[in-house]
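For the sequence shown, my numbering gives the first residue as 36, with consecutive numbering after it.
Report on one structure; see the data block that follows.
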Amino acid sequence: MKSYHYLEGDKVTVYTQFRVNKNGEIIDIKAREPHLIFEEKAISLVKNLPKYNPSILETKPTGTKFNLPFVFIIESKSKNPK
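What follows is the structure, given as structure tokens:
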């Protein structure tokens with residue numbers, strides 16, 4: 036894996052944005068982070084969320100936009116068990 040100059044314990048926050056349509060399906064997923072590997076992981080996590088209950092506006096289901104941050108904490112690759 037390519038090194039991104041993160042140290043053990045560093046936190047990487049990826050901000051995701053998506054819409055839940057009137058059927059409760061997650062659509063239009065976007066992520067913002069300088070390193071593609073974190074964006075891809077965050078998008079994968081959003082895609083695997085369970086189906087939502089859509090918002091209700093005047094008794095009718097409607098689409099809603101959501102923002103969901105993910106925080107990844109960098110761990111060392113080489114953990115030496117003692």
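For each residue, glycine too, the CB sits at the ideal point set by N, CA and C.
- Lys100 and Ser111 have their C-alpha atoms some 36 Å from each other.
- Collapsing the DSSP output to three states places Ser90 in a strand.
- Measuring C-alpha to C-alpha distances from Leu71 to each of Thr94, Tyr50 and Asn102 identifies Tyr50 as the nearest.
- Nearest C-alpha to Val55 among Glu93, Val81 and Pro104: Val81.
- Here the alpha carbons of Lys65 and Gly59 stand approximately 17 Å from one another.
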